[in-house]
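Residue numbers (this note's numbering): 1042 to 1436.
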Amino acid sequence: MTVPAADPAWQFDHLDPTLAPVFHETLSRTRTACPVTHTDRHGGYWAVLDHATVQEVAFDTGVFTSVDGDVIPTPGRDLVLIPIELDPPHQAGYRRILQRHFTRPAIARYEPVLRELTAKRLTALAAEGGGDLVPAIGQYLPPVALAEILGLPHEDGPKYIRWTNDIFLTMAAGDEAGRRRVVDAFSAQLSVEIDRQLVAGTDTVLTSIVRGEVDGRALTADERISMLILLMLGGHETTVHGISSMLHLMATVEGLRERLIAQPDLIGPMIQEVLRLESPAVSIARTASRDTELAGHRLSAGERVLMVLGSANRDGEVFERPDEFVCPRDRNPHVAFGYGVHRCVGEPLALLEMRLVAEEVLRIMPDYRLADGFEPTWLESQLVRGMASLPVVVD
């Protein structure tokens, strides 16, 4: 397939469905020619493709604000995603409410139950001779992990994910009545869970949000719902695709599984390289809050800027052999989890989930292989990129 960036009339469009099969080739060509490029698509924005400038935009919250939304185009909605769509210092208080639950020691307490559940799923899949790893494990574990840290029944995890997705679909469609119905159902179920957990005296992310204060006041109901929705959005799709891409690379990189079995300490660096090479999070948007200059370009206040994380993570100025899977790397400063004050708060949980899947796959079905004739089909949206399916055979 022709790389569209080779056409002089072509303009960058991160939502162009024809881009998926040549995503990285197109980004590489465009990044080399013009690492910060303007496009008229979706109302006009600047696409930032190189690693250094992505870090500059993410770090400089005084010039590049998050308050106009972190996606392009901005959906029609009245819900601010807290804290990712707030700027410092306002976002810090909300982030502190969540932070203590997502430290590595805090996350470690969930490892035994998540490992057991992962092992059961993989054992069943192996007994059946294989299956599709995307629904079987990639889409299974993240909702369960979210339910665990929120103190919800495991079986309710997928239901909350569906509600979260429905809230955004109804907002994007301008269906205010539909959005309110979903939010009311979401809130009613949460109220039951909150009452149960408060009576039981549990210490979960959910009870911390309920008890949390910012600037000396309790959070409003809308603020609580916003924080929970963001947790479910951020903790689901990106981790689903991170797990799926990892399992695909473990199956296709020659000798990788044998090396991981012989040297288990390579599992951590392997996961980091998966996240660099196939970044599940595609892009994050900002808005210039005042006239400024970026990589030699003049930007006016109000212009939109899109940090393309998947491009930054393959920048040859930072990474040797950027389009190859290299494990371990001497340095791997990827931005798959973002950068600066909005770096993903759930990073330790995502890394735990990926590690558990890798370890249990190597233990239970180390010789799995891709189904004959399989070719990846890539799904892309404003925020994430990953495989639609991953059928495997276990002999």
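Yeah, the Cβ is synthetic: ideal placement off N, Cα and C, and Gly gets one too.
Keep in mind the model is a prediction, meaning the values are calculated, not measured.
Beta-carbon gap between residue i and residue j smaller than 8 Å
i, j, result
"residue 1122", "residue 1228", "no"
"residue 1400", "residue 1182", "no"
"residue 1190", "residue 1246", "yes"
"residue 1448", "residue 1407", "This structure gives no information on residue 1448, because the portion of the chain shown stretches from 1042 to 1436."
"residue 1369", "residue 1310", "yes"
"residue 1102", "residue 1397", "no"
"residue 1188", "residue 1179", "no"
"residue 1292", "residue 1201", "no"
"residue 1138", "residue 1249", "yes"
"residue 1141", "residue 1133", "no"
"residue 1177", "residue 1162", "yes"
"residue 1289", "residue 1428", "yes"
"residue 1315", "residue 1287", "yes"
"residue 1108", "residue 1128", "yes"
"residue 1296", "residue 1243", "no"
"residue 1218", "residue 1204", "no"
"residue 1068", "residue 1090", "yes"
"residue 1079", "residue 1359", "no"
Presumed contact (8 Å Cβ cut-off) between residue i and residue j, rounded CB distance
i, j, result
"residue 1437", "residue 1434", "Since the displayed the chain opens at 1042 and closes at 1436, residue 1437 lies outside it and no answer follows."
"residue 1283", "residue 1321", "5 Å"
"residue 1099", "residue 1348", "6 Å"
"residue 1077", "residue 1087", "6 Å"
"residue 1423", "residue 1112", "4 Å"
"residue 1105", "residue 1327", "4 Å"
"residue 1276", "residue 1387", "5 Å"
"residue 1308", "residue 1392", "The Cβ separation is near 10 Å, so there is no contact."
Residue i classed as buried or exposed, judged by whether at least 16 other C-beta atoms fall within 10 angstroms
i, result
"residue 1329", "buried"
"residue 1418", "exposed"
"residue 1172", "buried"
"residue 1233", "exposed"
"residue 1379", "buried"
"residue 1211", "buried"
"residue 1353", "buried"
"residue 1426", "buried"
"residue 1124", "buried"
"residue 1351", "buried"
"residue 1241", "exposed"
"residue 1110", "buried"
"residue 1278", "buried"
"residue 1144", "exposed"
"residue 1361", "exposed"
"residue 1126", "buried"
CA-to-CA distance, residue j to residue i, given in whole angstroms
i, j, result
"residue 1071", "residue 1064", "11 Å"
"residue 1377", "residue 1285", "15 Å"
"residue 1239", "residue 1053", "50 Å"
"residue 1355", "residue 1258", "44 Å"
"residue 1333", "residue 1342", "8 Å"
"residue 1430", "residue 1280", "15 Å"
"residue 1085", "residue 1375", "27 Å"
"residue 1437", "residue 1325", "The question about residue 1437 has no answer here: the residues shown for the chain are numbered 1042 through 1436."
"residue 1060", "residue 1236", "47 Å"
"residue 1043", "residue 1357", "Only weak support exists for where residue 1043 lies, its pLDDT of 47 falling under 50; the value from the coordinates is given anyway. Distance between the alpha carbons of residue 1043 and residue 1357: 22 Å."
"residue 1263", "residue 1116", "18 Å"
"residue 1412", "residue 1165", "18 Å"
"residue 1058", "residue 1420", "9 Å"
"residue 1365", "residue 1317", "10 Å"
"residue 1345", "residue 1097", "15 Å"
"residue 1271", "residue 1167", "34 Å"
"residue 1152", "residue 1260", "30 Å"
"residue 1300", "residue 1367", "13 Å"
Beta carbon proximity, residue i to chain D, threshold 8 Å
i, result
"residue 1306", "No chain D appears in the structure shown, which is made up of a single protein chain."
Checklist entry - What are the start and end residues of each continuous beta strand (DSSP E) run of 3 or more residues lying completely inside the segment 1325–1356, in chain order? => result Residue ranges of uninterrupted beta strand (DSSP E) with 3 or more members, entirely inside the segment 1325–1356 and ordered along the chain, are 1333–1335, 1338–1340 and 1345–1349.
Next on the checklist: Runs of 4 residues minimum, wholly inside the segment 1225–1288: which ones carry the alpha helix (DSSP H) assignment?
Outcome noted: Counting whole runs of 4 or more residues, the segment 1225–1288 contains the alpha helix (DSSP H) stretches 1246–1252.
Checklist entry - Whole beta strand (DSSP E) runs in the segment 1144–1213 with 3 or more residues, listed along the chain? => result Unbroken beta strand (DSSP E) stretches of 3 residues or longer found wholly inside the segment 1144–1213: 1171–1173, given in chain order.
Next on the checklist: Quick check for students: name the residue ranges of the alpha helix (DSSP H) that lie wholly in the segment 1050–1128, counting only runs of 4 or more.
Outcome noted: Correct list: 1064–1074 and 1092–1100.
Item to check | alpha helix (DSSP H) segments (min. 4 residues) lying fully within the segment 1296–1324 | outcome: Counting only runs of 4 or more, we get 1297–1303 and 1308–1318.
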